[in-house]
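Sequence order for the protein chains is A and B.
Residues in the first sequence are numbered from -16 upward in steps of one, following our numbering.
Residues in the second sequence are numbered from 636 upward in steps of one, following our numbering.
The beta-carbon is built from N, C-alpha and C at its ideal position, and this holds for glycine as well.
In what follows, a single structure is set out as structure tokens and then discussed.
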Amino acid sequence: MRYLPHTSDERDAMLARIGVASLDELFADIPAAQRLEGLLDLPHGASEMAVERQLGNLAARNIAAGSVPFFCGAGAYRHHVPASVDHLIQRSEFLTSYTPYQPEITQGTLQYLFEFQTQVAALTGMEVANASMYDGSTAAAEAVLMAHRLTKRRKAVLSGGLHPHYAETIRTLSFMAGADAGLLPADPLADEDIMAQIDAETSCVVVQSPDVFGNLRDMRAIAARAHAQGALLIAVFTEVMALGLIEPPGAMGADIVAGEGQSIGNGLNFGGPYVGLMATRQNFVRQMPGRLCGETLDAEGRRGFVLTLSTREQHIRRDKATSNICTNSGLCALAFTIHMSLLGAKGLRQVALLNHAKAVALAQKLTGIAGVELINQSFFNEFAVRVQGDARVLVEKLAKTGVLAGVPYARLAPQAGLDDILLIAVTETTTDDDANALVAALAGALSC
Amino acid sequence: MLNNQGRPTQPEKASASYRTFTGNRGLQMEEALIFETGRLDVTGVDCEVPAAFTARLGGLERRAALDLPGLSEPEAMRHYVRLSQKNYSIDAGLYPLGSCTMKHNPRLNEKMARLPGFADIHPLQPVATVQGALALLAQLGHWLTTMTGMAAVSLVPKAGAHGELCGMMAIKTAIAARGEAATRRVVLVPDSAHGTNPATAALIGFEVRAVPARADGTVDPAAVAALMGPEVAAIMLTNPNTCGIFERDIVAIAEIIHEGGGYFYCDGANFNAIVGKTRTGDLGVDAMHINLHKTFSTPHGGGGPGSGPVVLSARLAAFAPVPFVRASEAGLELVEHVTGQSFGRMSAFHGQMGMFVRALAYMMSHGADGLRQASEDAVLNANYVRVCLNDIMSSPFGARPCMHEALFDDEWLKGTGITTLDFAKAMIDEGYHPMTMYFPLVVHGAMLIEPTESESLASLDLFIMTLRDLAFSAQRGETERFTGAPHLAPRRRLDETRAARAPKLRWTPPLPAAAAE
Chain A
-16 MRYLPHTSDE RDAMLARIGV ASLDELFADI PAAQRLEGLL DLPHGASEMA VERQLGNLAA
44 RNIAAGSVPF FCGAGAYRHH VPASVDHLIQ RSEFLTSYTP YQPEITQGTL QYLFEFQTQV
104 AALTGMEVAN ASMYDGSTAA AEAVLMAHRL TKRRKAVLSG GLHPHYAETI RTLSFMAGAD
164 AGLLPADPLA DEDIMAQIDA ETSCVVVQSP DVFGNLRDMR AIAARAHAQG ALLIAVFTEV
224 MALGLIEPPG AMGADIVAGE GQSIGNGLNF GGPYVGLMAT RQNFVRQMPG RLCGETLDAE
284 GRRGFVLTLS TREQHIRRDK ATSNICTNSG LCALAFTIHM SLLGAKGLRQ VALLNHAKAV
344 ALAQKLTGIA GVELINQSFF NEFAVRVQGD ARVLVEKLAK TGVLAGVPYA RLAPQAGLDD
404 ILLIAVTETT TDDDANALVA ALAGALSC
Chain B
636 MLNNQGRPTQ PEKASASYRT FTGNRGLQME EALIFETGRL DVTGVDCEVP AAFTARLGGL
696 ERRAALDLPG LSEPEAMRHY VRLSQKNYSI DAGLYPLGSC TMKHNPRLNE KMARLPGFAD
756 IHPLQPVATV QGALALLAQL GHWLTTMTGM AAVSLVPKAG AHGELCGMMA IKTAIAARGE
816 AATRRVVLVP DSAHGTNPAT AALIGFEVRA VPARADGTVD PAAVAALMGP EVAAIMLTNP
876 NTCGIFERDI VAIAEIIHEG GGYFYCDGAN FNAIVGKTRT GDLGVDAMHI NLHKTFSTPH
936 GGGGPGSGPV VLSARLAAFA PVPFVRASEA GLELVEHVTG QSFGRMSAFH GQMGMFVRAL
996 AYMMSHGADG LRQASEDAVL NANYVRVCLN DIMSSPFGAR PCMHEALFDD EWLKGTGITT
1056 LDFAKAMIDE GYHPMTMYFP LVVHGAMLIE PTESESLASL DLFIMTLRDL AFSAQRGETE
1116 RFTGAPHLAP RRRLDETRAA RAPKLRWTPP LPAAAAE
């Protein structure tokens, strides 16, 4: 086996040195009745070439986003990632190192985490960010529990503009933790009265912008109302690229920000691995979950970085920890950091503007089709249209013609009664030909 | 793994032996933060400029400053290559972190995960366009359930701790379905457990009750029986345990838990020791997470992404989260919404697909024969290290065989003035990553060495000779080699107390000279 260095002679010599007659003696603690004698009922080992062939066959049975006109978003976005990003994250020293528990020989990881935290804090307009969460949805769920610890209350109010998967993730964890998380009805027009739901028992109100329908939400009044009641505003986003163009949650009064960072540096990967972003106010940091990297000095007085405030964490505090999180999304955070470093504020703004311009252009074209109605007043790079009939059926039909037309809202929330809503995302990777193909396909499908 | 308890967090002051103008030391480059070298009007990404258009931002244009500098591509390459050179890695050397399983990460796996048919597909594409991806999920599930002899698997959890959460939420839901939610509120957790176990149980409202270990580091069924009662929902037991020992009474423990009406959660962090040697389901386990980034070689990436699928017994299978794959007449389908007794959704999409591809490539490469050999070699290597060091270092549980990792304590350092931390830091100067230290908590000054199956005999011999040389040096009283270590790393010891006292968690521009005074 190509990954195992020992020869059988070497194994014998090692057994002799250990002083046992056979390997079985080393496994003697396994009860005899439960010991496996033969092999598992699985295939034998395979050469590199054979594995490539088998997995290549599986990969070939999927339609890659880059091979067709493609408009899916709803929490995962296809952006162009510079080639240097994927090269750099595959450097052995990044790829094959562990969590930086020995800071003297992991300054590479620690410094990029410090850069990552600085970038996330700046993008979100917040004071501090952590070293990443699993993804946006789990970051949002952890943010709600964090708000409960900070306010010593147990009731969250969830906007109807929240991505249904995020709402479900929050509600599962809240239910299990014995907390209340009330969800408002789906809100495609962004006209819900969430402020009326905030009372003296509310711990936090969770609002997404751009919301799942693409609407941009002004959170300033919500923040003010929440703060007046002693509650916190948790701002959520699934498209971090938007922050290059729209007012960040920190400037609108958010207390905790939880979002998905996949768009910068990371591919679609069928839903994972992604990188959860979490940011907050400096004075809330001791209730924050996840790893934090901080600056310090070494014994010669040189600047260096370490994991810090670990007395919040499970390996020290055990059942009193702020969260059970251990591993986070280190390498995805690195990809984010490198891509963001290449972009800078200038490049991010340019790409974000291009996303918006292309989305506006497509929205205009689509409104010319009979049977398609744009429902958004505002949006960044994703918007919702109302179509004739069931959007799920329409999307399946268009997929057969080689166009991935977007995500039917009913795929996310079949009970919401919004079967005719289609979410369409446009990025810098969308060409004019792609847009025209969608327009033609939609017009054709809706006319017959 | 690491614990702060009982070890110094603030270094003694040290002086540099040799200074250069740049601060660089040969190939070891000092590197500023991007915020100190980048410029706000630079970008390393060329982007088409759209024609003038009317924005639809609803008056929410960004007005807040965004002071993030950009780097040209050559600057970015150099910056991150230099940073990488400050990291230790498995590819560069033996990385004996106990419980972390730093084995070789095959590059075939990386290549497969980057096939556009896996890397460039969207989680919400029509299922007819991702049948190959669903087949991959089904195949991975088949390998995992076959290896463990369990009824079902959830691929959703994003890391080991997330897997623990998944398994414990399934248990909590099963207990509620029996009408015992109000009464079964206690989870038994041995003292030697990973911190994630009690943290997970507490996160979802369970009360944690500790189970003491017996003198040989394992759990005594009698101790479990004494703690078992109608208020106990489950036990969370690591097997092989964190001392590197197979819990020989695990079947009896499972029976006690089951007879008392509880569930058996097994922390599968150390599953890599027993693949193909025994099956989890045969031991009486109801739920176990499997760290694909440990047992199945997906890269640790400096702290993630991980992946923690959970295998479930027939008693718990119905409570698994959504989504999951199911065969239908039309092919494979995704069940994305709660039906029946599922506890619901615990993250946005289908799990860590990128990690699934890597893990399956690894499993297929090894096969049933290679996977068993890998476990045997991991155990062989750990015992070889143990036997070659146990005349000079002390073991808390005597000279008994271990599984995939060898545990030592600091009894042998008594009177030398050298701590486990000092010893670990001296290993850095010798070109090794330290072992896991101060964990498990039940062993004083613990040193947990996991060489993995990836190390050749020559590599192990050099590692052993190095540790022996260090150990003799410690016993000879050559304390400077230890208390000042590391001398030769990119940084000397870092002041953790300073970092925590006034946390500086992001870069901020330096104050102007006048204001700073």
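Closer than 7 Å by beta-carbon distance: list the chain A residues that pair up with residue i, in chain order.
| i | result |
| --- | --- |
| B:G839 | Note that residue 839 of chain B is Ile in the sequence shown, not Gly. The answer, in chain order, is M159, A160. |
| B:C735 | Y81 |
If you draw a straight line from the C-alpha of residue i to the C-alpha of residue j, how long is it?
| i | j | result |
| --- | --- | --- |
| A:L156 | B:I839 | 8 Å |
| B:M999 | A:V34 | 7 Å |
| A:A47 | B:F753 | 8 Å |
| A:C309 | A:Y117 | 10 Å |
| A:H63 | B:L1006 | 38 Å |
| A:M224 | A:A124 | 21 Å |
| B:R950 | A:T121 | 27 Å |
| B:N907 | A:A150 | 36 Å |
| A:G284 | B:A727 | 28 Å |
| B:M737 | B:K912 | 21 Å |
| B:L637 | B:E1065 | Confidence at B:L637 is low in this model, with a pLDDT of 45, below 50, so the placement of that residue is unreliable and no value is reported for it. |
| B:T1118 | B:K721 | 22 Å |
| B:A773 | B:P704 | 45 Å |
| B:V920 | B:E708 | 52 Å |
| B:H1203 | A:L290 | The shown model of chain B, from 636 to 1152, leaves out residue 1203 of chain B, and the question about it has no answer. |
| B:A1120 | B:G1052 | 14 Å |
| B:V716 | A:N249 | 19 Å |
| A:P86 | A:L251 | 32 Å |
Going by DSSP in three states, residue i sits in which element: helix, strand or coil?
| i | result |
| --- | --- |
| A:L41 | helix |
| B:E1152 | Caution applies to B:E1152, whose pLDDT of 44 falls short of 50 and renders its modelled position unreliable; the value that the coordinates give is listed next. If DSSP states are grouped into helix, strand and coil, B:E1152 belongs with coil. |
| A:P432 | The question about residue 432 of chain A has no answer here: the residues shown for chain A are numbered -16 through 431. |
| B:L1102 | helix |
| A:R295 | helix |
| A:N113 | coil |
| B:L1048 | helix |
| A:K383 | helix |
| B:M636 | Any reading at B:M636 needs caution, since the residue's pLDDT is 43, under 50, leaving its predicted position unreliable; the model's value is listed next. Coil. |
| B:G961 | Sequence check: residue 961 of chain B is Arg here, not Gly. Residue state, collapsed to three classes: strand. |
| B:S982 | coil |
| A:C55 | coil |
| B:K1139 | coil |
Listing by chain order, which chain B residues have their CB less than 9 Å from the CB of residue i?
| i | result |
| --- | --- |
| A:T414 | Neighbours of A:T414 on chain B: none; closest Cβ ~11 Å, over 9 Å. |
Residue i touches chain B at which residues, Cβ-Cβ below 8 Å?
| i | result |
| --- | --- |
| A:R18 | K912, T913 |
| A:T291 | E1131, A1134, A1135, P1138, L1140 |
| A:D163 | Ordered by position in chain B, no residue passes the 8 Å Cβ test against A:D163, which lies about 13 Å from the chain. |
So which residues of chain A does residue i contact, with C-beta pairs closer than 8 Å?
| i | result |
| --- | --- |
| B:C682 | G330, Q333, V334, L337, E411 |
| B:T781 | L23, D24, L25 |
Mind pulling the chain B residues with CB within less than 7 Å of residue i?
| i | result |
| --- | --- |
| A:Q100 | L1140, R1141 |
| A:M(-16) | H1001, G1005, Q1008 |
| A:N252 | A754, M988, G989 |
| A:R285 | R1126 |
Below 9 Å on C-beta distance, what does residue i contact in chain A?
| i | result |
| --- | --- |
| B:Y730 | T79, S80, Y81 |
| B:E745 | Q73, L78 |
Can we say the region 332 to 342 of chain A touches the region 262 to 280 of chain A, given the rule of at least three CB pairs closer than 8 Å? no
What alpha helix (DSSP H) runs, 4 residues minimum, are completely inside the region 763 to 849 of chain B? Within the region 763 to 849 of chain B, the complete alpha helix (DSSP H) segments at least 4 residues long are 766 to 783, 795 to 812, 831 to 838, listed from N- to C-terminus.
Segment contact, 8 Å Cβ cut-off, at least three pairs: the region 273 to 280 of chain A with the region 203 to 217 of chain A: Two segments are said to touch when three or more pairs of C-beta atoms, one from each, lie closer than 8 Å; by this definition the region 273 to 280 of chain A does not touch the region 203 to 217 of chain A.
Using a Cβ distance threshold of 8 Å, determine whether the region 1005 to 1014 of chain B contacts the region 1022 to 1035 of chain B, with at least three qualifying pairs required. At 8 Å Cβ cutoff, the stretches do not touch.
Counting only runs that start and end within the region 857 to 894 of chain B, where is the alpha helix (DSSP H) found for 4 or more residues in a row? 885 to 894
Go through the region 175 to 259 of chain A residue by residue and report every complete run of the alpha helix (DSSP H) that reaches 4 residues or more, in order. Every alpha helix (DSSP H) of 4 residues or more that sits fully in the region 175 to 259 of chain A is shown, in chain order, as 203 to 211.
Touching by the beta-carbon criterion (3+ pairs, under 8 Å), the region 178 to 192 of chain A and the region 394 to 401 of chain A: no
With a cut-off of 8 Å, do at least 3 Cβ pairs link the region 949 to 969 of chain B to the region 732 to 752 of chain B? Touching, no, given that fewer than three Cβ pairs across the two stretches are closer than 8 Å.
The region 36 to 43 of chain A / the region 182 to 193 of chain A touching (three or more Cβ pairs under 8 Å): no
Check whether the region 682 to 695 of chain B and the region 89 to 104 of chain A are in contact - that is, three or more C-beta pairs closer than 8 Å. no
Any contact between the region 773 to 792 of chain B and the region 403 to 416 of chain A? By contact I mean 3 or more CB pairs, one from each, below 8 Å. no
Using 8 Å as the cut-off, can you tell me whether the region 290 to 302 of chain A makes contact with the region 1118 to 1138 of chain B, which would need three or more C-beta pairs spanning the two stretches below that distance? yes
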